[in-house]
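In this note's numbering, the protein residues as written are 22 to 404. Since the structure comes first, as structure tokens, the remarks are kept for the end.
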Ligand code: SF4
């Protein structure tokens, strides 16, 4: 995978924390909203702005569509007339949009520092090493690699090359069924929690049939015998937001808010999910709250920007954030109004900034893994 920034080739992971080239407007500029409106109007149909559900309100207000990463990538693919896709989300999402859109469309990430700590927990070299470990244990030939959407393009390409597939938090069960129809084992990365929760709670696989592969230990910290006995080999990765919700927080909120229903994302730890009432993707969480009867009480375990937005949109419900010690996704939050204004105004001036371009061969194999997911029955109708 490569990334080109104003003619300079660089690795996005080393770009984190680097300021945008050129003048970034100060956050205190009182004309930012007006400037964003004017730049968007000047670009007209040439620009299509995508806003992930976890983005700030100040950014979401300018999004043409909102959604989770998969829905947004598909929405982008459905707008071939848009010359510029401005992705208000994180790096792996912009890569997926680049893979699924036409070659002439340019995908822009307003701040290159907007990465994903979970996606960074599975690097290509580490995954290739893990595959060698599986081969040495004699099980690579019966293992299907499955990567969560929240992974870099080169990891998706690895899956494409090795007969594997991509999944989202909404379709992980169907994807695992597909994988187990083709192999005896699944190597699931980067999120161990989504893999475990789906395998155990939706597929009936035993906890004792899941092992955790630690890329920082020799052989993943597992013996060949453990790999041979396992059905699910879970990568030791997690979301730095969802992974922080604790079982104690569920107990505390139940004591604090009698009658509360606890609704969490499957990236939460298994012990948290076991104590919750409902588990589902971001889209499932939104739909559950939209359908909830007036007066019902909810504690939600997902990103704080979304929970606040749901609480504001549904004043007839009592909505609380599950855990007081969990905060916003720091990398998602890097996309703010100054960066959005800066990107749009550069596009108006004819400067394409922060374009995300997946190297063609990587994109081709990553597309194969995405296409296998899209070809699953019923998948096109899903968010
Ligand atoms: S919420 Fe978690 S998975 Fe999503 S971008 Fe942030 S760190 Fe990555």
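Don't be surprised by glycine CBs; every beta carbon is placed ideally from N, CA and C.
### Query
Going by alpha carbons, who is nearest to residue 244 out of 200, 160, 300, 262?
In the chain shown, residue 244 corresponds to position 223, counting from 1. Nearest in C-alpha terms to residue 244, of all of 200, 160, 300, 262, is 160.
### Message
Could you tell me which whole beta strand (DSSP E) segments of length 3 or greater appear in the region 241-276?
### Response
253-256
### Query
beta strand (DSSP E) containing residue 383: first to last residue?
Taking the first residue of the chain shown as position 1, residue 383 is located at position 362. First-last for residue 383: 381-395, but that is the alpha helix (DSSP H), not the beta strand (DSSP E).
#### Entry: Every unbroken alpha helix (DSSP H) inside the region 167-243 [4 residues or more]
DSSP runs (the alpha helix (DSSP H)) wholly in the region 167-243: 174-182, 193-201, 213-218.
#### Entry: Residues sharing a beta bridge with residue 65, DSSP
The count along the chain shown starts at 1 and reaches residue 65 at position 44. Listed as beta-bridge partners of residue 65 by DSSP are no residues whatsoever.
### Query
What are the boundary residues of the beta strand (DSSP E) that includes residue 292?
By one-based count along the chain shown, residue 292 stands at place 271. First-last for residue 292: 291-296, but that is the alpha helix (DSSP H), not the beta strand (DSSP E).
### Message
For a quick check, are the C-beta atoms of residue 390 and residue 185 less than 8 Å apart?
### Response
The residue you call residue 390 lines up with position 369 of the chain shown. The residue you call residue 185 lines up with position 164 of the chain shown. In this structure, residue 185 lies closer than 8 Å to residue 390 by Cβ.
### Query
residue 163: which of 147, 183, 177 sits nearest, CA to CA?
On the chain shown, residue 163 is found 142 positions in, with the first residue counted as 1. Of the listed residues, the one whose Cα sits closest to residue 163 is 183.
### Query
In this structure, does DSSP put residue 125 in helix, strand or coil?
Within the chain shown, the letter at position 104 stands for residue 125. Three-state DSSP puts residue 125 in coil, outside helix and strand.
### Query
Can you tell me where the beta strand (DSSP E) with residue 306 in it begins and where it stops?
Residue numbering aside, residue 306 sits at position 285 when the chain shown is read from its first letter. No beta strand (DSSP E) contains residue 306, which is instead part of the alpha helix (DSSP H) from 303-312.
### Start-to-end residues for the alpha helix (DSSP H) that takes in residue 405
Residue 405 is absent from the structure shown; the chain starts at 22 and stops at 404.
### Query
Between residue 218 and the ligand SF4, is the CB less than 7 Å from at least one heavy atom?
Translated into positions along the chain shown, residue 218 becomes position 197. No, since every heavy atom of the ligand SF4 falls outside the 7 Å radius drawn around the Cβ of residue 218.
#### Entry: Within 8 Å, strictly: CB atoms of residue 131 and residue 302
For the purposes of this step, residue 131 is taken as the residue at position 110 of the chain shown. For the purposes of this step, residue 302 is taken as the residue at position 281 of the chain shown. Not in contact: residue 131 and residue 302 (Cβ atoms no closer than 8 Å).
### Task
Tell me whether residue 398 sits in a helix, a strand or coil according to DSSP, three-state version.
Looking up residue 398 in the chain shown gives position 377. Here residue 398 sits in coil by DSSP.
### Query
To which residues of the same chain is residue 404 closer than 6 Å at the C-beta, ignoring the five residues directly before and after it?
On the chain shown, residue 404 is found 383 positions in, with the first residue counted as 1. Because residue 404 sits at a pLDDT of 35, beneath the cut-off of 50, its placement in the model cannot be relied upon, and the following sentence gives the value as read from the coordinates. Excluding sequence neighbours, residue 404 sits near 92, 304.
### Message
Am I right that residue 213 and residue 233 are in contact with their C-beta atoms under 8 Å? What's the rounded C-beta distance?
### Response
Along the chain shown, one-based indexing puts residue 213 at 192. Along the chain shown, one-based indexing puts residue 233 at 212. That pair is a contact at about 6 Å.
### Query
Thinking C-alpha only, which one of 114, 277, 237 is nearest residue 151?
Along the chain shown, read from residue 1 onward, the residue named residue 151 stands at position 130. Of the residues 114, 277, 237, the one whose Cα lies closest to the Cα of residue 151 is 237.
### Task
Compute the Euclidean distance between the alpha carbons of residue 122 and residue 215, then round it to the nearest angstrom.
Looking up residue 122 in the chain shown gives position 101. Looking up residue 215 in the chain shown gives position 194. Near 27 Å, if we compare the C-alpha coordinates of residue 215 and residue 122.
### Query
Looking at the structure shown, is residue 57 part of a helix, part of a strand, or coil, going by DSSP?
Numbered from its first residue, the chain shown carries residue 57 at position 36. Here residue 57 sits in helix by DSSP.
### Task
Can you say whether residue 119 is buried or exposed, counting buried as having 16 or more other CB atoms within 10 angstroms of its CB?
On the chain shown, residue 119 is found 98 positions in, with the first residue counted as 1. By the neighbour-count rule (16 or more Cβ atoms within 10 Å), residue 119 is buried.
### Task
Please list, in chain order, all residues of the same chain as residue 228 whose beta carbon is under 6 Å from its beta carbon, the five residues on each side excluded.
Counting from one through the chain shown, the residue named residue 228 turns up at place 207. Once the five neighbours on either side are set aside, the close Cβ partners of residue 228 are 221.
#### Entry: Inter-residue spacing [alpha-carbon to alpha-carbon] between residue 330 and residue 375
Looking up residue 330 in the chain shown gives position 309. Looking up residue 375 in the chain shown gives position 354. Looking at the two C-alpha atoms, the distance is approximately 28 Å.
### Query
Taking three-plus beta-carbon pairs below 8 Å as touching, is the region 111-118 in contact with the region 365-374?
no
### Task
List the DSSP bridge partners of residue 322.
For the purposes of this step, residue 322 is taken as the residue at position 301 of the chain shown. In DSSP, residue 322 forms a bridge with 285.
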